[in-house]
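Notes to accompany the following structure.
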Amino acid sequence: MANVIGGFSTSHIPAIGNAISKKVFDDPYWKPFFDAYPPVHEWIADEKPDIAVVIYNDHGLNFFLDKMPTFSIGAATEYHNKDEGWGLQPVEPFPGDPGLSWHIIETAVEDEFEVTTCQEMYVDHAFAVPMSLFWPDRAGDDQVKTVPIVVNTVQHPLPSPSRCFRFGQSIGRARASYPDDEKIVVIGTGGLSHQLDGTRAGFINKEFDEMCMDKIVGAPEELAKYSTHELIELAGAQGVELINWLVMRGALTGDVSLAHANYHIPISNTAAGLMVLNNQA
Amino acid sequence: MTATDQPIPGTPIFDGKMAQKGYALNKMCFSFNDAENRDEFVQDEDAYCTKYGLDDQQKAAIKGRNVLDLIEAGGNIYYLAKFAGIFGLGVQDIGAQQTGVTVEEFKQKLLDAGA
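Chains A and B supply the protein sequences, listed in that same order. With the working numbering as the guide, the letters of the first sequence map in order to residues -5 to 275. With the working numbering as the guide, the letters of the second sequence map in order to residues -1 to 113.
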């Protein structure tokens, strides 16, 4: 039986990827953001997760409108990052874990989540930036293995917050019947409040974000009650990425406690949130 | 988003109707993931727009470099960001343009949101 030992959530803003390439960690704009990550590195050093299941939304690198799946699960031995068109340097490939991928897929479909399976899949900044934040020195055969899971936030209708939470619970159930004795961390990326498009661009809602970071620890069902429309109104058009956090939180089916959190406005157009949750089986 | 939801002011919702309307425009912008396509666009913009079958409204919005017009023509912000990238413009430049302020004013507004 594998164990989900914890969950992380972090914003995935492309500008962070640029800041990492330029190593501007001590720049006054960036320092309050990057200073929140060493405690996560310590958590990883102590807990030593083997596999990261990463829930994110693709921004038009792997998927286009010709085929737009609602939930997709990577099932490859390796995932590549590449040029997204605006200058972010591609990072080294990420090793996959097809065994766990297929087990999650089988459990999901058994639970009536008919996912799209991807044996070839490019992972964009929403996957790569969080991985670089959490594992800045990853390299070689011993590095953490990954299972990318993509949620559609490009084209409406999007899966509802409650559906996303239940999808996460299915991922959480999958680990119990997985034969290998591995340690899994589930990561939800994106958010918090932000809006890129329209005359409301630049919208941020600190009060709502802080409420979400509080509720997601002990009362995630309350967040799952929002409709997509309400989330967009309260968190901004792209703040709807909170649904990725809800998938992550759904996968933590044990006793959940807060290990570390940080909230910082702004990074680019976004309120940046970071959380580390322990999951006691 | 359901049929009965009230519109949220200043907030485009990219639904099936917009996805259908903007298909050619978004497909062109999706092609800008590849450097060689970006180069081809820069060399002959009109020919590139024609190749992807953009309609007159979409062609005019591309020529005008106007994000609100591009959204009106069916553009999705994630694909439009790749178009903006050709000119070295990021989401804060786009935000300033859409809200009618300077980039410095837009950045200040974000800083103020955290104060």
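The beta carbon of each residue, even a glycine, is placed where N, CA and C say it ideally should be.
Residues of the region 93 to 108 of chain B that bring their beta carbon within less than 7 Å of a beta carbon in chain A comprise 93, 96, 97, 104, 107, 108, in sequence order. Taking C-alpha positions only, residue 223 of chain A is separated from residue 239 of chain A by approximately 17 Å. Approximately 4 Å separates the beta-carbon atoms of residue 264 of chain A and residue 188 of chain A; this is inside 8 Å, confirming the contact. The DSSP-derived three-state label of residue 274 of chain A is strand. Rounded to whole angstroms, residue 194 of chain A and residue 97 of chain B show a C-alpha spacing of 7 Å. Proximity of residue 80 of chain B to chain A, defined by a Cβ-Cβ separation below 7 Å, is satisfied. Those residues of the region 3 to 21 of chain B placed with their C-beta closer than 7 Å to a C-beta in chain A are 3, 6, 7, 8, 9, 10, 11, 12, 13, 17, 21, ordered along the chain. Straight across, the Cα-Cα distance linking residue 181 of chain A with residue 79 of chain B is about 25 Å. Residue contact check for residue 83 of chain B against chain A: a CB pair falls below 7 Å. Contact between the region 164 to 179 of chain A and the region 57 to 70 of chain B is absent, with fewer than three C-beta pairs closer than 8 Å. Residue contact check for residue 260 of chain A against chain B: a CB pair falls below 7 Å. Exclusion of the five residues before and after residue 96 of chain A leaves 69 as the residues of its chain whose Cβ lies within less than 7 Å of its Cβ.
When C-alpha distances from residue 61 of chain B are compared across B:48, B:43, B:51, B:74, the shortest belongs to B:43.
The Cβ atoms of residue 245 of chain A and residue 270 of chain A do not sit closer than 7 Å to each other. In the displayed model, residue 269 of chain A falls within a strand according to three-state DSSP. Under the Cβ distance rule, residue 50 of chain B does not count among the residues neighbouring chain A, no pair being separated by less than 7 Å. Under the three-state reduction of DSSP output, residue 142 of chain A falls in the strand class. Nearest to residue 124 of chain A by alpha-carbon distance, out of A:85, A:202, A:153, is A:85.
When DSSP states are grouped into helix, strand and coil, residue 36 of chain A belongs to the helix group. When 8 Å is used as the limit between beta carbons, residue 36 of chain B is near these residues of chain A: 79, in chain order. A buried status is given to residue 47 of chain A, since no fewer than 16 other beta-carbon atoms sit within 10 Å of its beta-carbon. Non-local beta-carbon contacts of residue -3 of chain A in its own chain, meaning distances under 7 Å to residues more than five positions away in sequence, involve 169, 177, 178, 275 in chain order.
A contact is defined here as three or more CB-CB pairs under 8 Å, and the region 30 to 49 of chain A meets this definition with respect to the region 140 to 151 of chain A.
Under the 7 Å criterion on CB atoms, residue 194 of chain A is classed as interfacial with respect to chain B. Sorting B:110, B:109, B:90 by C-alpha distance to the C-alpha of residue 101 of chain B places B:90 at the top. Apart from sequence neighbours up to five positions away, the residues of its chain that approach residue 234 of chain A with a beta-carbon distance below 7 Å are 147, 152, 222, 225, 226, ordered along the chain. Only those residues of the region 118 to 141 of chain A whose C-beta falls short of 9 Å from the nearest C-beta of chain B would be listed, and there are none.
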